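Protein chains in written order, with full-length UniProt numbering: chain A, 1 to 380; chain B, 1 to 429; chain C, 1 to 378.
All C-beta atoms in this analysis are idealised placements derived from N, C-alpha and C, irrespective of residue type, glycine included.
Nothing here was measured: the structure is a model prediction, and the numbers come from that model.
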Amino acid sequence: MKLKSILMATAAAGVLALPAFAEGDMSLAEAPCENCADELTVVSWGGAYQNSQIKAYSEPYAEATGVTFVWDESSAEAVAKLRAMSEAGNVTWDVVDVVASDAIRLCDEGLAIEIDGATELAPAPDGTSADDDFGVLRVNDCFVPQIVYSTTFGYRTDVAEWNGAVPDDICDIFDLETFPGKRSLQRRPIDNMEWATYCNGTPKDEIYDVLSTDEGIAAALAKLDTIKDQVVWWTAGAETPQLLADGEVVMGSTFNGRLFSAIAEQDQPIAMMWDMQSFDLDGWIIPEGLDEARLNRAKHFLKFATDTQRLADQAKYISYGPARASSAPLVGTHAELGIDMAPHMPTDPANAANVHNYDYTWWADNRDDIDAKFQAWLVQ
Amino acid sequence: MSSATDTPTDAIAGDGIVRAADGTPLKRSLARALRREKLRSFLLIAPLLAFVVISFLLPIADMLFRSVENNIVRDTIPETVQTLASWDADSGELPDERVFAALYRDLQIAVEKRIHTRLGSRLNYEKSGMSGLFRKTGREVRRLEAEGPFRERFIEIDEDWADIEVWAVIKRYSPPYTPGYFLNAVDAELTAEGVEMKPENERIYLTLFWRTLVMSLMITLSCLLLGYPIGYLLSHLPARSANLLMILVLLPFWTSLLVRTSAWKVLLQQQGVINDFLVWINLIDDAGRLVMINNQTGTIIAMTHILLPFMILPLYSVMQTISPSYVRAAKSLGASDWTAFWRVYFPQTVPGIGAGAILVFILAIGYYITPELVGGTSGIFISNRIAYHISTSLNWGLAAALGTILLLLVMALFYVYDRIVGIDNVKLG
Amino acid sequence: MEVFAGDGVQKAEWKAISRGAAVKFDGVQKSYDGETLVVKDLNLDIARGEFLTMLGPSGSGKTTCLMMLAGFEPATHGEIYLNEQGINNVPPHKRGIGMVFQNYALFPHMSVAENLAFPLQVRGVGKAEQEDRIRRALDMVELGAFGGRRPAQLSGGQQQRVAVARALVFDPELVLMDEPLGALDKQLREQMQYEIKHIHENLGVTIVYVTHDQTEALTMSDRVAVFNDGVIQQLSSPDVLYESPQNSFVAQFIGENNKLSGEVVAMDGANCEVRLDDGTLLVADPVNVKGAGSRTTVSLRPERIELAPSDEPENVLDGKIEELIYLGDHIRVRMNVAGNDEFIVKVRNRRDKRPISEGDMVKVGWSASDCKALDAVA
């Protein structure tokens, strides 16, 4: 970006340029867009995460193109709402931020369009194609990954009953003797079943084979049964940090970004346990059924928002790792706290010594069945 | 038609029909006079009628329909369904080549339209792995040559095609209507042997229906116990104090759900205000802190709080109409305070109790946000599962079946209620 | 304020008074707000078997007295006695007083028979006797066939009778009635007045009756206590109340009344001389005047005035006929007399009446005993 064009853009818009704006190449945003709508409805999760997207993606894009953004915080119900919109024949969303498993469902249901990685996404600065740059994280053709986050554990650092012991192994979750106290777990089978199976002694690469059998499911539930009366089940990501802060639980799973805020921004007596953190992905889809102008605009934005620099920019505001391999070296410091963000990323080698790779397709096939059993177990 | 009129009236003609002055039969002329009136009334309610039909009756009809509708199988793979009709699942043999060939042709079209995965998702509700099977087969089938033998080709793509149970499920769910969702909703399933209860470790809905009923009744009862004295107090206070108290009663309506939830958590959790207080006054020790949230207690407390106004308002408005002279009369006739209350005052408040109880109960039975937030696992309702199937699993057919059962349950209870209390004995004011 | 009692009772030679007081108010005061007294120092004896009416405009304190007697309002000061027993601390249901309420207060969820059974049930009366008494009570009010009906299925008059029957079914010695006929139409009201009167005579119960309707008070009562401003203005039998009002309020409140204001110029044994504001001199009965020089309001009943008097009454004045109102049995003549143009004279509609017409100048006359010099009203 040349100084001259910054000045021009600032003068034109009458606002201060953002740091993100000053770096990197804006040519994708400035590229001509023919027959494109002037408005873009983006759906995301709200909160700090959506703010990071606004700062890293939509503000620079709006600056360059004059497009008006409408944000909708409906990602949690995105699949159901998109299905309802599609049935009603009136899709009002242009770009939707969803987790990978939802993207698979939306793609299966024909509710999201396929995006060609070679032509519709930006290659890495070194020329690597987008599909190669994302690698296995691009779980299907509808999904353009954005961040890698993990579901992992935080624990209180001041529990007297632990006599100085520090949980550093996922199986410490199930160890009520050394680590007494309540734990919070997400109220769904995903991750919990894998951790239980792993702590039953199953090697990591056999977890899904074991869980494919009725005995494997029963064994996992039996393992969870050992701590059932000590578990507080959560549904919203904000719950665990709050429960930890209140002392209601001594350890609990949640998204790593939530724990980062509690530790780094709010200075709570909480620490991270990265062992067997479960990697998950968040990314964009474009709904099926948009008219041409809106579709063009959505694709134009998506190409810009998922390029190498933009993904790295987002990491300034939130501790989620960029989904492109080429973005990793560009991750800098936190925009306000000035902390080096790399060690807080789930992808940092020190944190990723032992990770669990969540198998989306396996869950897509087995979720209905396992969920029925898991919920029945919960209710019993 | 008074006989006091001067001229002899000819209102009743020889044929015995009463006629108006111009000779038209009185009935017809009355009907004409009333027609305008009727039309006017109808036009006045027409917007509401349209609103109710569009926003209430049609969605319910749609829900009822979805709970049995199953066109997706024959719409997606019509030829397969047709050829599969002659196959006997009990024969122990795979369908013949004709069926596989039909599936090949069906899938070519379905993949083109990108609807094959949708069918996979649908069948996955009945058998795990179906969604993966269709997704994988859909990818490969494009590259498949149009030449047979298709059976071997399909089994090459995924060996699940050699599983008789896969075919049995497709055949079982090929009719356009299915009882499958309803069976699922009562913890049963359609198997090769007919309808069977699901294995013990997958049963959940009957438990939840029962729990929803029992907890709604408990919430109704606790609303009544808490609301009755408040309604009584309100109806006996001077207007100014009553209004102030009424504002306090309505306060829960004015606070957002999140604020309320946070408040309950602060109060009820184990490190919360109430527990801290109980520990402080040495009523319980630190290890024995009470669990009052994320369980049934939490749900009952929170929902009683929210629904209390719905009990108090009808009670209050009924109590307000009961003149204090009844109780005075009872006392002057020799009744003690209790007898005067129980035999004279209380029976007159029964319509208010009836109205409040039915309001609270019906609202409680359909609540899901509050149980979701404070109910933990033991305090969740059937509506939480409905919400889950609507928004997460996307199994709308099952959600519709659960909703339909809930609707029927409420209607049945309403009928019982009518028989016991009498619906005309319910008064909102 | 002084209570004018005794006088009327003596004149009526009222039979029951000798049996002793059934109810006694002794220096009773009542305040709701701690600032103003609604009832000011009430002293009143009610004899056993008496029919006593508390009459007064609304807000005069009569209902409050009744409620204190029933036990629904505590007295702020003083004591109420029932059969010589202080009852200030006896709860209402132990007082054994029957009560008929303004709106009847029949229990809507019970049938007529159940309403009547209620006081018997709470007293533990046996089933058979209950039925017997209910039947007798219903027969008494001529509603024998209505036991199974709900109050809402009865007419106003029938409800009223049930209320009376219910207040009497447990044989109370004292029955309180709080404007019981207020909601009935005129004809029904008159009929019920006689019925209540008859029940009273037949049963010999003590009845304390509250009303603001003077006709009702005059027709039914042995004695009437006229209330105003928290004070009994006069306590007398109905005839005394009408014939000899003790002050201007009573004269005003009971029956029709011509007021002439003036000043007492001389006291002369049984009579006094009053100079009206226009200078006319009158001879009047000095009921409530302090002496020569005090202001007074002279009160006289319209039917005691004669037009063109043939004999020679003490007072004869000139008057001008302003208006004639034909009322069938009598003619109301509005006149201007002594500067008062609201002066009413009732002329009986007799065959030999003299023809009069508006605008005529006529002499009007009345005797000194028919014209009472009372306290002055502003």
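| query | result |
| --- | --- |
| Rounded distance between the beta-carbons of C:A251 and C:P238, thought under 8 Å | Actually they do not touch by this definition, with Cβ atoms about 14 Å apart. |
| Closest residue to B:L213 among B:I365, B:M197, B:L26 and B:R28 (Cα-Cα distance) | B:I365 |
| Exposure label - B:A4; buried when at least 16 CB within 10 Å | At B:A4, the pLDDT of 44 sits below 50, so the modelled position is not reliable and the matter cannot be decided from this model. |
| A:A364 at chain B interface by Cβ criterion, 8 Å | yes |
| Through-space distance from B:M411 to A:Y358, alpha-carbon basis | 45 Å |
| Beta-carbon neighbours of B:G376, restricted to chain C and to distances below 9 Å | Near B:G376 there are no residues of chain C at all, since even the closest Cβ is about 44 Å away, more than 9 Å. |
| Contact set between the region 274 to 303 of chain B and chain A, restricted to residues whose Cβ is under 7 Å from the partner | N294 |
| Classification of C:K94 by the beta-carbon crowding that lies within 10 angstroms, buried from 16 upward | exposed |
| Nearest-angstrom beta carbon gap, C:R348 and C:H330 [assumed within contact, 8 Å] | 5 Å |
| Proximal residues of chain B, C-beta to C-beta of A:V232 below 8 Å | N294 and G376 |
| Neighbour list for B:Q348 in chain C, Cβ cutoff strictly below 9 Å | F107, P108 and H109 |
| Secondary structure of A:L121, DSSP reduced to three states | coil |
| Beta bridge counterpart(s) of C:T297 as assigned by DSSP | C:S261 and C:L374 |
| Length of the line joining the Cα atoms of B:S131 and A:D126 | 38 Å |
| Contact list for the region 42 to 72 of chain B against chain A, Cβ threshold 8 Å | none |
| CB of B:F310 within 8 Å of CB of B:L373, strictly | no |
| Whether A:A376 touches B:E202 by CB criterion (8 Å) | yes |
| Beta carbon of C:G230 nearer than 8 Å to that of C:L37 | yes |
| Cβ-based burial, B:F42 [other Cβ within 10 Å; buried from 16] | exposed |
| A:K223 at chain B interface by Cβ criterion, 8 Å | no |
| Bridge partner(s) assigned by DSSP for A:H356 | A:S278 |
| Assigned secondary structure, A:F21 (DSSP; H/G/I helix, E/B strand, else coil) | Bear in mind that the predicted position of A:F21 carries a pLDDT of just 37, short of 50, making it unreliable; the figure below should be weighed with that in mind. Of the three classes helix, strand and coil, the one that applies to A:F21 here is helix, per DSSP. |
| Rounded separation between B:P351 and C:E201 - CA only | 43 Å |
| Paired residues, beta bridge with C:G56 - DSSP | Looking at the DSSP assignment, C:G56 forms no beta bridge with any residue, so it has no partner. |
| Any 3 or more C-beta pairs closer than 8 Å across the region 257 to 268 of chain B and the region 338 to 357 of chain B | no |
| B:P199 classed as buried or exposed, judged by whether at least 16 other C-beta atoms fall within 10 angstroms | exposed |
| 7 Å Cβ cut-off: residues of chain A touching B:G132 | T361, A364 and D365 |
| Exposure label - A:L40; buried when at least 16 CB within 10 Å | buried |
| A:V136, buried or exposed, once every other Cβ within 10 Å from all chains shown has been counted against 16 | exposed |
| Residue environment, C:S155, which counts as buried when at least 16 other CB atoms sit within 10 Å | exposed |
| Candidates B:V416, B:I322 and B:A192: closest to B:A168 by CA position | B:A192 |
| Any C-beta of chain C under 8 Å from that of B:V426 | no |
| Neighbouring residues, chain B, relative to residue 439 of chain C (Cβ below 7 Å) | There is simply no residue 439 of chain C to check, as chain C begins at 1 and stops at 378 in what is shown. |
| Within 8 Å, strictly: CB atoms of B:L250 and B:T304 | no |
| is_contact[residue 435 of chain B, chain C] using C-beta, thresh 8 Å | Any question about residue 435 of chain B goes unanswered here, given that chain B covers just 1 to 429. |
| The region 96 to 113 of chain A: positions lying closer than 8 Å to chain B by Cβ | R105, C107, D108, E109 and G110 |
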